[in-house]
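Working notes, structure below.
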Amino acid sequence: MPKVFNWQLGREMSYPYEEHHPEKQFAFVFNLNRCIGCQTCTMACKSTWTFSKGQEYMWWNNVETKPYGGYPQSWDIKILKLLEEASGEPQRWDDNGVYQGKTIFEAAEKRIGLEPQRVLGYLPTDEEWRFPNIYEDTPVGKPGEPMTFDTEGTVLPEHKTWFFYLARICNHCAYPGCLAACPRKAIYKRPEDGIVLIDQTRCRGYRKCVEACPYKKAMYRPSTRISEKCIGCYPRIEGKDPEAGGRPMETRCMAACIGQIRLQGLVKMSKDGSWVEDRDNPIYYLVKVAKVALPLYPQFGTAPNGFYMPPRWVPRGYLKQMFGPGVDEAIAKYLAPDRELLAVLQLFRRTNRIIFRYEIQEGPKVYETTTHGKPFVMYNDTIIGYGEDGKELVRTQVEEPFHVRPATHQNSI
Amino acid sequence: MASKEPEPDDPLELTGVVLAVQDETSLKDMAACFVEEFLRDGWSDEQLRAMFRNPHYRGPYLVWRQKGDAYVDAVIQDVRGGVSHA
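If you read the sequences in order, they're chains A and B. Using my numbering, the first residue of the first sequence is number -14, and each one after it goes up by one. Using my numbering, the first residue of the second sequence is number 1157, and each one after it goes up by one.
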């Protein structure tokens, strides 16, 4: 198997195809500290792309309640367990942040048996697909009394533990598991933006992609007998949405985000799969410079392009399993953000156009304190986002402007 | 839809269990987040204390019941020092 370099693992790894990368890559950052699990993203996607017959259980975007929830049910627990069994060792990162365990591609090489796989995976059952979010946020009845609710609120079974919402879409991976597993070569990455698509005319519905995608974001459609997946709203990325006016626009799920947790962009790629330095691109800044956003389960080895700011209240062991070794640094930076980070965080959901570059205009110091044991100074800086054509898209500031309505027409907009 | 009534040991019945990683640090982190979120909305100390004592705010209430007034007060003051500049 050819060797490719995976920057998220800090090392080379096996992959069925040679290194080959797009010019730009679709990527996004989700701030999990802010997700309220409202499912507006889920419905924005559903009502745009998967409302037809045969797509009833298809949720390209979903939000699940961690640690118990998952769509399909227990997807991450199952793949982590498979990975540990197949590689015969726990998933370890060394002190330099280099992954020492096996990826789903490397574990599959070792797992030789009756049904050899190119990519380690499993096919979820119909039941696992069928009930997204069931029981995730509602306590079940007392033992022996299923499907009932306690009438006395305060004596409900207690969730003494923490939880958080994990919003997920296809990660449009640099080394997709779905693409690697397809026996028909029906799956490809678009050279212009790295969006991973299933060619609907080549697909024959073998479901190898459904089995291989560790994030379980390739889905089978029984009415057409072929598979489908998140298309990264590519017409919007191309600026072909009627509203876009020819300029690249963020996906439906991003644009609909009530909690303003999402920011999506396109990063420049070099031939070796690394990101070209683009200091003032907000996605590049958050992932590579500030390092506050981390990939989801990087140990799978697919180099996902979705990055998450970890929820700061969750036990670190759990977060490190989910986001890799950068967790402590990411949370420390988020808790006491520096001047630039605080400004960039204001860009989330200020526009539906894709921001390619930002600029900060310095403002006055408005506050100074110590937070979480670190000095924190706040400046009311102004941050300006620019589009691909260099034109200004949005202008906002760190302190929320205080608007006073005029005495007349107080109730009018 | 299946016609069989769900039973407690059905795999569909998610039952929450406390993970082994739950400890004092994560309780403090969680309590601090509750305070932070409402503090940013301009809540007073008294309003925050009342929230922790109100059983309908399940998370904060659990913290208060396990740890009491003094602990909650300390967390409020700790967080207020960090985020408030009213």
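Glycine residues also receive a C-beta, built at the ideal position from the N, C-alpha and C atoms.
Three-way DSSP call (helix, strand, coil) for residue i in this model
i          : result
Trp60(A)   : helix
Pro161(A)  : coil
Val274(A)  : helix
Gln10(A)   : strand
Gln76(A)   : coil
Val195(A)  : helix
Thr236(A)  : coil
Tyr205(A)  : strand
Tyr2(A)    : coil
Phe333(A)  : coil
Pro267(A)  : helix
Ile1232(B) : helix
Lys359(A)  : strand
Lys376(A)  : coil
Gln24(A)   : coil
Met254(A)  : strand
Ser1182(B) : helix
Residue i, buried or exposed, once every other Cβ within 10 Å from all chains shown has been counted against 16
i          : result
Arg189(A)  : exposed
Tyr343(A)  : buried
Arg1196(B) : exposed
His388(A)  : exposed
Glu385(A)  : exposed
Glu91(A)   : buried
Tyr160(A)  : buried
His394(A)  : exposed
Lys256(A)  : exposed
Glu113(A)  : buried
Ala203(A)  : buried
Arg153(A)  : buried
Pro289(A)  : buried
Val1231(B) : buried
Thr287(A)  : buried
Glu74(A)   : exposed
Arg237(A)  : buried
Gln346(A)  : exposed
His157(A)  : buried
Residues near residue i by beta carbon distance below 7 Å, same chain, minus five either side
i          : result
Leu378(A)  : Thr336, Arg338, Ile340, Gly370, Tyr371, Gly372
Phe1208(B) : Pro1216, Tyr1217, Val1219, Trp1220, Val1228
Asp226(A)  : Pro220, Met234
Pro117(A)  : Trp44, Asn47, Tyr56
Glu177(A)  : Pro7, Glu8, Lys9
Lys63(A)   : Tyr107
Lys1223(B) : none
Arg334(A)  : Cys242, Gln245, Arg247
Cut-off 8 Å between Cβ atoms - residues of its own chain near residue i, not counting five sequence neighbours on either side
i         : result
Lys276(A) : Gly311, Glu314, Ala315, Lys318
Met254(A) : His6, Pro7, Glu8, Lys9, Gln10, Gly179, Trp260, Val261
Gly244(A) : Arg19, Cys20, Ile21, Cys23
Selected residue, minimal CA-CA separation from residue i, among the options
i          : options                                        : result
Glu70(A)   : Lys38(A), Gly22(A), Gly86(A), Ile268(A)        : Gly86(A)
Arg(-4)(A) : Met363(A), Asn81(A), Glu41(A), Ile246(A)       : Asn81(A)
Leu399(A)  : Glu353(A), Lys201(A), Glu121(A)                : For residue 399(A) there is no data in the structure shown, the boundaries of chain A being -14 and 398.
Gln382(A)  : Pro391(A), Asp61(A), Glu74(A), Leu327(A)       : Leu327(A)
Asp1185(B) : Pro300(A), Lys350(A), Trp34(A)                 : Pro300(A)
Gly348(A)  : Met307(A), Gly54(A), Asn(-9)(A), Thr367(A)     : Thr367(A)
Leu248(A)  : Val14(A), His357(A), Phe292(A)                 : Val14(A)
Tyr2(A)    : Ile172(A), Met239(A), Tyr42(A)                 : Ile172(A)
Arg210(A)  : Arg187(A), Pro199(A), Arg96(A), Lys359(A)      : Arg187(A)
Arg1236(B) : Gln1222(B), Cys1189(B), Arg1214(B), Asp1225(B) : Cys1189(B)
Thr50(A)   : Asp111(A), Gln102(A), Asp79(A), Ile119(A)      : Ile119(A)
Lys170(A)  : His157(A), Thr110(A), Met307(A), Tyr191(A)     : Tyr191(A)
Leu182(A)  : Pro168(A), Gly375(A), Cys155(A), Pro(-13)(A)   : Cys155(A)
Asn(-9)(A) : Asn365(A), Pro283(A), Asp265(A)                : Pro283(A)
6 Å Cβ shell around residue i - same chain, five flanking residues per side excluded
i         : result
Phe361(A) : Ala321, Thr354
Asp323(A) : none
Leu164(A) : Ile172
Trp60(A)  : Lys201
Val83(A)  : Gly(-5), Arg(-4)
Phe148(A) : Thr50
Inset, instruction - Inspect the CB distances between the segment 185 to 201 of chain A and the segment 105 to 123 of chain A and report whether three or more fall short of 8 Å. - result: Enough Cβ pairs lie closer than 8 Å, so yes.
Legend entry - Touching by the beta-carbon criterion (3+ pairs, under 8 Å), the segment 206 to 220 of chain A and the segment 30 to 48 of chain A: The segment 206 to 220 of chain A and the segment 30 to 48 of chain A touch, with no fewer than 3 CB-CB distances between them shorter than 8 Å.
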